[in-house]
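Note that the sequence shown ends on residue 339 in this note's numbering; no numbers are left out. For glycine and all other residues, C-beta sits at the position ideal for the given N, C-alpha and C. It should be emphasised that the depicted structure is a prediction, and the values quoted were computed from it without experimental measurement.
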Amino acid sequence: MHDQAQTALVDRFGRKVTYVRLSVTDRCDFRCVYCMSEDMEFLPRQQVMTLEEIARIARIFTELGVEKIRLTGGEPLVRRDILSLVQDIGALGLKDFAITTNGSQLPRFAQELKAAGLKRLNISLDSLDPEKFRRITRTGNLQQVLDGIDAAIDAGFKGIKINSVIMKGRNEEEVPELVDFVRQKGLDISFIEEMPLGDISDHSRDETFCSSDEVRSIIESHHELMPCTADTGGPSRYYRMSDSDSRIGFISPHTHNFCGSCNRVRMTVEGRLLLCLGNEHSKDLRGLLRRHPTDDEPIRQAIISAMDLKPERHHFTTDGDVQIVRFMNMTGG
Ligand code: SAM
Ligand code: SF4
7 MHDQAQTALV DRFGRKVTYV RLSVTDRCDF RCVYCMSEDM EFLPRQQVMT LEEIARIARI
67 FTELGVEKIR LTGGEPLVRR DILSLVQDIG ALGLKDFAIT TNGSQLPRFA QELKAAGLKR
127 LNISLDSLDP EKFRRITRTG NLQQVLDGID AAIDAGFKGI KINSVIMKGR NEEEVPELVD
187 FVRQKGLDIS FIEEMPLGDI SDHSRDETFC SSDEVRSIIE SHHELMPCTA DTGGPSRYYR
247 MSDSDSRIGF ISPHTHNFCG SCNRVRMTVE GRLLLCLGNE HSKDLRGLLR RHPTDDEPIR
307 QAIISAMDLK PERHHFTTDG DVQIVRFMNM TGG
């Protein structure tokens with residue numbers, strides 16, 4: 007599917023870039039232990055891209071051949087006036103337009119997001135136990151997120167996907183319950199290996215690291231998993247069960263490197279175009295946008311030439327070394 011894409015964005019390794027993740031805020035109402043430190047400092051407002059600037063970048067990427075945009079953060083739904091941005095991007099006619107959210111604001115926003123043209127939702131949920139959920143998110147309320155998931159289903163979203171980061175000693179034993187939950191609700195789920203982004207205080211990542219193979223074998227003691235061939239254009243490898251429509255995905259940056267088929271770039275909330283999640287290669291777009299408020303050409307050229315900076319692959323290790331100092335909320339998950 008992606009090889010046929012008409013895009014001006016091709017890197018040195020022949021990979022076509024058709025998917026952009028835009029971080030719309032570094033702020034969040036949660037402080038998940040793997041994503042943030044407890045006392046995070048957030049960016050001053052003038053360093054953050056305005057919603058108009060983000061909408062302009064989304065349009066330029068679409069004109070260059072991008073087919074899929076995902077809004078992320080931080081928590082995208084805590085950014086003021088986020089619905090106006092969703093409307094602007096929803097009007098671009100993308101093949102796919104998605105948000106990754108912690109779900110806490112979905113009880114009030116799900117219907118409006120659907121009406122504004124959002125096509126898909128990924129909702130993060132690492133535990134179904136209220137206390138463990140609180141322990142992992144530090145500030146989150148499980149019931150609010152469960153209500154958010156129901157609100158998204160009621161609003162008519164299809165293909166809702168749950169994202170779960172699995173950590174040893176924290177939520178590993180909940181894998182079967184999380185699978186049962188998505189089966190009951192008719193959702194998909196991706197299990198994510200924790201990545202070494204940012205210097206966190208809560209735990210040592212080498213002690214909590216739980217590989218996708220371990221998670222898969224936990225599931226396989228309850229359900230037979232059959233590999234799916236469908237390419238969703240993301241980093242998940244998917245499996246099916248014979249008695250359910252729910253798909254189970256694994257995002258395994260450590261153990262099953264997905265860089266060879268990478269079709270993605272990211273833009274941080276400061277307008278830094280990141281060519282790879284696990285490397286610092288980047289290009290400042292915010293400065294260019296502000297210097298050229300009406301002429302898109304310099305920005306188009308900068309994006310096209312930045313493709314040459316895309317590295318071949320990331321090199322994460324599990325030994326607890328922090329290789330990337332950016333936290334995930336800055337990067338845009
Ligand atoms: N706040 C939204 C949410 O939680 O879904 C969107 C942003 S969050 C950074 C995006 C995804 O990244 C979430 O599914 C989260 O669990 C995941 N994430 C955050 N830090 C991570 C890390 N160090 N390793 C792996 N996944 C991480
Ligand atoms: Fe917030 Fe999402 Fe990071 Fe959790 S993972 S702290 S919800 S940005």
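Paired residues, beta bridge with phenylalanine 197 - DSSP: Ser170 and Phe256
Secondary structure of threonine 106, DSSP reduced to three states: strand
Isoleucine 198 CB to nearest heavy atom of the ligand SAM below 7 angstroms: Relative to the ligand SAM, the nearest heavy atom lies less than 7 angstroms away from the CB of isoleucine 198.
Euclidean distance between Cα positions of aspartate 302 and arginine 21: 24 angstroms
Cβ-heavy atom distance, tyrosine 40 to the ligand HEM, below 7 angstroms: Questions concerning the ligand HEM fall outside what the structure shown contains, since the ligands it does hold are the ligand SAM and the ligand SF4.
Rounded separation between proline 113 and aspartate 153 - CA only: Looking at the two C-alpha atoms, the distance is approximately 6 angstroms.
Reduced DSSP secondary structure (H/G/I, E/B, other) of arginine 37: coil
Buried versus exposed call for methionine 55 [16 or more other C-beta atoms within 10 Å across all chains shown]: buried
Host beta strand (DSSP E) of leucine 28 (start-end): 25-29 is the span of the beta strand (DSSP E), which, as asked, contains leucine 28.
Near the ligand SAM: serine 130 beta-carbon under 7 angstroms from a heavy atom: Under cutoff, so the answer is yes.
Selected residue, minimal CA-CA separation from aspartate 87, among Asn108, Ile60 and Arg65: The residue with the shortest Cα to Cα distance from aspartate 87 is Ile60.
Cβ neighbour criterion (16 or more within 10 Å) applied to aspartate 327: Legend: pLDDT at aspartate 327 = 48, less than 50; position of this residue unreliable, no value from coordinates given.
Short Cβ contact (8 angstroms threshold) for glycine 109 with serine 130: The Cβ atoms of glycine 109 and serine 130 sit closer than 8 angstroms to each other.
Unbroken stretches of the beta strand (DSSP E), 3 residues or longer, contained in the region 113-171: 126-130 and 167-171
Alpha helix (DSSP H) segment containing lysine 191, residue limits: 181-191
Nearest candidate by alpha-carbon position, reference glutamine 53, set Val275, Ser288 and Leu148: Nearest C-alpha to glutamine 53: Val275.
Where leucine 49 falls: helix, strand or coil (DSSP): It is coil, neither helix nor strand.
Separation of tyrosine 245 from isoleucine 172, as counted between CA atoms: Cα-Cα distance, rounded: 17 angstroms.
CB of arginine 144 within 8 angstroms of CB of arginine 37, strictly: Cβ atoms of arginine 144 and arginine 37: closer than 8 angstroms.
Heavy atom of the ligand SAM within 7 angstroms of asparagine 108 beta-carbon: yes
Rounded separation between histidine 262 and histidine 320 - CA only: 12 angstroms
Delimiting residues of the beta strand (DSSP E) encompassing aspartate 290: 288-290
Assigned exposure category for methionine 313 - 16 Cβ within 10 Å defines buried: Label assigned to methionine 313: buried.
Check: valine 171 C-beta below 7 angstroms from any heavy atom of the ligand SAM: yes
Identified DSSP bridge partners for proline 233: Tyr245
6 angstroms Cβ shell around leucine 315 - same chain, five flanking residues per side excluded: Leu281 and His287
Distance, glutamate 180 Cα to isoleucine 257 Cα: 17 angstroms
Buried versus exposed, by CB contacts within 10 Å (16 or more), methionine 42: By the 10 Å Cβ count, methionine 42 comes out buried.
Alpha carbon of leucine 77 to alpha carbon of glutamate 213, nearest angstrom: In a straight line, the C-alpha of leucine 77 is about 31 angstroms away from that of glutamate 213.
Close-in-space but distant-in-sequence residues of the same chain around isoleucine 166 (CB under 6 angstroms, 5 per side omitted): Leu127, Ala158 and Leu193
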